[in-house]
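S.K.:
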Amino acid sequence: MHPHLFSSISVGGKELKNRLTMAPLYLGYAGEGGTVTDLVLEHYRLMAKSGVAMVVVENSTVDHPTGSGSNRTIRADTDKNMEGLTNLAANIKEQGALACLQINHAGRFAAIADPALAPSPVKTFGRIPRALTVEEMRKIRKRFVEAALRVKTAGFDMVELHGGTGYLLSSFLSPRTNKRVDEYGGSLENLERFPMEVVREVKSAVGNFPVGYRFLADEWLPDGLKLAESVQFARSLAASGVAYISCMGGTYESFFLPDVIKFSRKEGYMVHLAATIKQEINVPVIAAGRIASGSFAERIISEGKADLIGLARVLWADPEWPEKVKEGKEGEIIHCHPDCDETCTKLVTKGKRAFCVRWPHEKLREWKMKMV
Ligand SMILES: Cc1cc2nc3c(=O)[nH]c(=O)nc-3n(C[C@H](O)[C@H](O)[C@H](O)COP(=O)(O)O)c2cc1C
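Just so we're on the same page, this note's numbering is the position in the sequence shown counted from 1, plus 21.
1. Using only the alpha-carbon positions, how far apart do Pro45 and Val78 sit?
2. With the cut-off set at 7 Å, would you say Ser267 and Gly331 are in Cβ contact?
3. Report back the beta-carbon spacing between Gly310 and Gly289 to the nearest angstrom; my notes put them in contact at under 8 Å.
4. Given this structure, state the Cα-to-Cα distance separating Ala152 from Met217, to the nearest angstrom.
5. Could you work out which residue in Asp362, Lys35, Glu157 and Ser257 is closest to Ala118 when comparing CA atoms only?
6. Which same chain residues end up closer than 6 Å to Leu189 when comparing Cβ atoms and leaving out the 5 residues on each side of it in sequence?
7. Taking the continuous beta strand (DSSP E) assigned at Lys101, which residues delimit it?
8. Suppose only complete runs of 3+ residues qualify. What are the beta strand (DSSP E) ranges in the region 274-349, listed by chain order?
9. What residue does the beta strand (DSSP E) around Glu204 start on, and which one ends it?
10. Is the CB-CB distance between Asp244 and Arg197 below 7 Å?
11. Once you ignore the five residues that flank Arg334 on each side, which residues in its own chain have a CB closer than 6 Å to its CB?
12. For Cys365, verify whether its CB is less than 6 Å away from any heavy atom of ligand 1.
13. What does DSSP give as the partner residues of Thr56 in its beta bridges?
14. Using C-beta distances below 6 Å, list every residue in its chain close to Ser251, excluding the 5 sequence neighbours before and after it, in chain order.
15. Can you check whether the CB of Ser323 is closer than 7 Å to the CB of His64?
16. In its own chain, which residues sit with a C-beta less than 7 Å from the C-beta of Gln123, not counting the 5 before and 5 after it?
17. Identify, in the order they occur along the chain, each residue of the same chain with its Cβ nearer than 6 Å to the Cβ of Glu53, setting aside the five sequence neighbours on each side.
18. With DSSP run on the structure shown, which of helix, strand or coil describes Glu164?
19. Just the C-alpha distance for Gly270 and Leu246, rounded to the nearest angstrom, thanks.
20. For Val369, which residues in the same chain have their Cβ closer than 7 Å to its Cβ, ignoring the five residues on either side in sequence?
21. For Phe193 versus Phe215, is the C-beta distance shorter than 7 Å?
22. Return the chain-ordered ranges of every alpha helix (DSSP H) run that is complete within the region 118-155 and spans a minimum of 4 residues.
23. The beta strand (DSSP E) spanning Arg235 covers which residue range?
24. By Cβ distance, which residues of its chain are closer than 6 Å to Ile95, with the 5 residues on each side in sequence left out?
25. Would you kindly report the start and end of the unbroken alpha helix (DSSP H) that includes Cys365?
26. With burial defined as no fewer than 16 other Cβ atoms inside 10 Å of the residue's Cβ, what is the status of Lys86: buried or exposed?
27. Nearer than 6 Å: is that true of the beta carbon of Tyr47 relative to any heavy atom of ligand 1?
28. Could you check where the alpha helix (DSSP H) with Lys384 kicks off and where it finishes?
29. Compute the Euclidean distance between the alpha carbons of Arg159 and Ser285, then round it to the nearest angstrom.
30. Would you kindly work out how many angstroms separate the C-alpha atoms of Thr174 and Ala69, rounded to a whole number?
31. So, for Leu106: in the same chain, excluding its five sequence neighbours on each side, which residues have a beta-carbon less than 6 Å away from its beta-carbon?
32. Using a Cβ distance threshold of 8 Å, determine whether the region 299-308 contacts the region 381-389, with at least three qualifying pairs required.
33. Using DSSP with H/G/I as helix, E/B as strand and the rest coil, what is Glu79?
34. Which residues mark the beginning and the end of the beta strand (DSSP E) in which Glu36 is found?
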């Protein structure tokens, strides 16, 4: 069943046993202050046990609080969290999956930073972030390097740089949010300068350790970053030797626009982004976005639209997805379905811990008890 989906592939010199990965999914399970809790460990153990080849752990901050999405963002910026991070990597690997951790600076979406930091002071949900100085940007690059080294020391197999969702790295690429007139603004070459500096400095510090990149292909905003420009950035990333590019679209400013809500209900709503990027570069590409069925996932791989599948809510809604697909029991899959009105997203944006309304009653009750 699904020979392409269940074939192995080498990524950054590491062998992935199949084409399925867990895409990063922040659910608010970390403790206040970004600690690795028992709930985080249990959640990722379950995700790794599912049979996916690699689990990419949710965005973890490189600089608290200015780089943290929330007070429950896992902290990768302090040695105090090393024990938790080490347990997390071991937990995932014990279940037979590779472990990768995504590191991030939330930039203008850092809810607990005051002021938030950004390339330029462009109003964001009523707040005006402060423009970074070149010296501050140098310090942030250093924080990315330090966090990546912690990820390596903690025993993860790879690190992923978060260049999606409108967070700091992607906000430099966007003509909407980057109005700088120095060497970090203006031309495409300038817009990609800061994220490329981060990539190069991280890669040079971690040495022989794969560095993946979560890639914003299109902001889905009229004046935002478009696929035509992001393709050029993908080429630069590939040339710099990133291990893979994981494609996504949208930012917090576009996710809730009526037409975006409409098309993101569809199966595979971001696959075309991955397919376009894949044609341009020679490193593995991950496609995500409501990849609900095994046959659809198989086609994405067999038709060469992507090399790997990223399952986020899809896997969380049913951690048995890979097994059910492999064994031809697709009819038994519990599907993530947009009719729930995006409950998980709404819960986490309100600072709450997420649950999936599609879980069977027993599981829902069990997890709600764990979350109090
Ligand atoms: C609640 C929520 C949290 C997310 N957290 C992250 C994250 O931490 N990092 C990231 O790169 N993407 C994040 N994403 C995007 C997912 O990785 C994925 O691209 C998207 O949900 C589509 O895949 P899916 O339909 O399988 O969920 C998140 C999405 C949701 C809904």
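No residue lacks a Cβ here, since even glycine has one placed at the ideal position from N, Cα and C.
M.R.: Let me lay it out:
1. Between Pro45 and Val78, the alpha-carbon positions lie close to 5 Å from each other.
2. Ser267 places its beta carbon less than 7 Å from that of Gly331.
3. Indeed they touch by this definition, with Cβ atoms about 6 Å apart.
4. When rounded, the separation of the alpha-carbon atoms in Ala152 and Met217 is 19 Å.
5. Residue Lys35 holds the alpha-carbon nearest to the alpha-carbon of Ala118 among Asp362, Lys35, Glu157 and Ser257.
6. Take Leu189, set aside five residues on each side of it, and the residues of its chain with a beta-carbon closer than 6 Å to its own are His126 and Gly128, in chain order.
7. Segment: none, Lys101 is in no beta strand (DSSP E) and carries neither H nor E.
8. When DSSP assignments are scanned along the region 274-349, the uninterrupted stretches of beta strand (DSSP E) that are 3 or more residues long and fall wholly within it turn out to be 306-309 and 329-332.
9. Unbroken run through Glu204: none, as it is neither H nor E.
10. Asp244 places its beta carbon less than 7 Å from that of Arg197.
11. Taken in chain order, the residues that qualify are Cys357.
12. Yes, the Cβ of Cys365 comes within 6 Å of a heavy atom of ligand 1.
13. DSSP, once it has assigned bridges, lists no residue as partnering Thr56.
14. Excluding positions up to five away in sequence, the list reads Ala238.
15. For His64 and Ser323, no; Cβs fall outside 7 Å.
16. Cβ neighbours of Gln123 beyond the five flanking positions: Pro45, Val77, Val78, Glu79, Asn80, Ser81, Glu181, His183 and Arg235.
17. Hits under 6 Å: Asn92.
18. Looking at the sequence itself, residue 164 is Arg, so the reference to Glu does not match. DSSP places Arg164 within a helical segment (H, G or I) once states are collapsed to three.
19. Rounded to whole angstroms, Gly270 to Leu246 spans 10 Å at the Cα level.
20. Its chain contains Tyr47, Leu48, Gly49 and Ala375 as the residues whose beta carbon lies nearer than 7 Å to that of Val369, once the 5 sequence neighbours on both sides are disregarded; these appear in chain order.
21. Going by C-beta atoms, Phe193 is nearer than 7 Å to Phe215.
22. Those alpha helix (DSSP H) runs which fall completely within the region 118-155 and span 4+ residues do not exist here.
23. First-last of the beta strand (DSSP E) with Arg235: Val232 to Asp239.
24. So the qualifying residues of the chain are Ala51, Gly55 and Ser81.
25. Residues Thr364 to Thr370.
26. Per the sequence presented here, residue 86 reads as Pro, with Lys not at that position. Burial of Pro86 is indicated by the presence of at least 16 other C-beta atoms within 10 angstroms of its C-beta.
27. Distances taken from the Cβ of Tyr47 to the heavy atoms of ligand 1 include one shorter than 6 Å.
28. The continuous alpha helix (DSSP H) containing Lys384 extends over residues His382 to Lys391.
29. Looking at the two C-alpha atoms, the distance is approximately 36 Å.
30. Put simply, the backbone Cα of Thr174 is about 20 Å away from that of Ala69.
31. These residues qualify, in order along the chain: Ala175.
32. Touching, no, given that fewer than three Cβ pairs across the two stretches are closer than 8 Å.
33. If DSSP states are grouped into helix, strand and coil, Glu79 belongs with the strands.
34. Segment Lys35 to Leu37, the beta strand (DSSP E) holding Glu36.
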